[in-house]
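Peer 1: Take a look at this one; I'll ask things after.
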Amino acid sequence: MKLTYYGHSCFLVETTTARLILDPFLTGNAAAPIAAADARCDYVLCSHGHEDHTGDALAIAQANDATIVANYEIAEYFAARGAKTHGMNPGGAWTFPFGRVKLTPAIHTSSLNAGLTPLYMGVACGLIIEADGRRLYHAGDTALFLDMQLIARGGLDAALLPIGDNVTMGPADALDALDLLKPKVCVPMHYNTWETIAQDPAAFARAATERVHTVNPLKPGDTLAI
Ligand code: NI
Ligand code: MN
128 MKLTYYGHSC
138 FLVETTTARL
148 ILDPFLTGNA
158 AAPIAAADAR
168 CDYVLCSHGH
178 EDHTGDALAI
188 AQANDATIVA
198 NYEIAEYFAA
208 RGAKTHGMNP
218 GGAWTFPFGR
228 VKLTPAIHTS
238 SLNAGLTPLY
248 MGVACGLIIE
258 ADGRRLYHAG
268 DTALFLDMQL
278 IARGGLDAAL
288 LPIGDNVTMG
298 PADALDALDL
308 LKPKVCVPMH
318 YNTWETIAQD
328 PAAFARAATE
338 RVHTVNPLKP
348 GDTLAI
């Protein structure tokens, strides 16, 4: 399994048989290494409704004939706009041709058009992806919560965790999350896109090392094999 960081909380996950884009937010993200029009994938996975996690979902899905995988409300929203979708809910898993996806709880909100008339889009989720014998956790946007220890069951090859603070957990809570999740490697996300989530990923990585965790910050465009 190969991860490529597209900035913010957006990653390309390449398995032996499929390309998945998680939380597509390329348009409007100055750090994005590619344009949405150049994204190539078979599936688009969205952790929750906020535009910085779904902004390019419909355009990318339609351009690639890809399936959007998300909570039921988000899936129905995009299905009504012509996309192929697969709706799920926390605790549920589904085996796709490339592997298995499970939605997890997350503590966060989930809406679209928040600045106008918010459309509430179900609950915010995290994503567990099992493929090629690897197990990956994308936490979405979330606070620290003690049930992360349940997500650790079966082991995690990698955890993608928000560290930006203000709207998700910050670095101190993300360190506690690592104690619960115990992934082989953590890639921080959801920081430095805006002033309100400015963080130093190298400082987070150093603090994690002191607690015997491995953190590998990626620059947008970087790839990591797990
Ligand atoms: Ni959010
Ligand atoms: Mn967000």
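Take 128 as the starting number for the sequence shown in the numbering used here and just add one per residue. Glycine included, C-beta positions come from ideal geometry on N, C-alpha and C. This one's a predicted model, so the numbers in the text were calculated from it and none came from an experiment.
1) Looking at L273: is its Cβ nearer than 7 Å to the Cβ of A304?
2) Looking at chain B, is there any beta carbon in it that lies within less than 7 Å of the beta carbon of D192?
3) Near G176, which residues of its chain fall below 7 Å by C-beta distance, leaving aside the five closest residues on each side in sequence?
4) Regarding D284 and the ligand NI, is the C-beta to nearest heavy atom distance less than 6 Å?
5) Near I354, what residues of its chain come up, given a Cβ to Cβ distance below 6 Å and the 5 sequence neighbours on each side ignored?
6) Any residue with its Cβ nearer than 7 Å to a heavy atom of the ligand MN should be included. What is that list in chain order?
7) Looking only at its own chain, which residues have a Cβ that is under 7 Å from the Cβ of L345, when we skip the five neighbours before and after it?
8) With which residues is I255 paired in a DSSP beta bridge?
9) Considering only residues of the same chain and omitting the five flanking positions on each side of K103, which have a CB-CB separation below 7 Å?
10) State yes or no: is the C-beta of A210 within less than 7 Å of the C-beta of I234?
11) Measuring alpha carbon to alpha carbon, tell me which residue in T144, L139 and A301 is nearest F223.
12) Based on DSSP bridge pairs, tell me the residues matched to P298.
13) Around the C-beta of L243, are 16 or more other C-beta atoms found within 10 angstroms, so that it is buried, or is it exposed?
14) How many whole angstroms separate the CB atoms of I290 and F331, which I take to be in contact at a CB cut-off of 8 Å?
15) Cutting at 7 Å between CB atoms, please list the residues of its own chain near A162, excluding the five before and the five after it.
16) Taking the DSSP output, what are the residues bridged to W221?
17) What do you get for G253, buried or exposed, if any count of 16 or more other CB atoms within 10 angstroms of its CB means buried?
Peer 2: Quick look at the numbers:
1) no
2) Absent here is chain B; the protein component of the structure consists of one chain.
3) I201, S237, S238, L239 and M248
4) Not so, every heavy atom of the ligand NI lies at least 6 Å from the Cβ.
5) Coverage of the chain is limited to positions 128 through 353, which leaves residue 354 absent and any answer about it impossible.
6) Chain-ordered, the residues whose CB falls short of 7 Å from any heavy atom of the ligand MN come out as S136, H177, D179, H180, D268, V294, T295 and H317.
7) Y132, V314 and L351
8) K229 and Y264
9) One cannot answer for residue 103 here, as it falls past the ends of the chain, which runs 128 to 353.
10) no
11) T144
12) Note: P298 sits in no beta bridge, so no partner.
13) exposed
14) About 6 Å; that satisfies the 8 Å criterion.
15) L153
16) Looking at the DSSP assignment, W221 forms a beta bridge with V228.
17) buried
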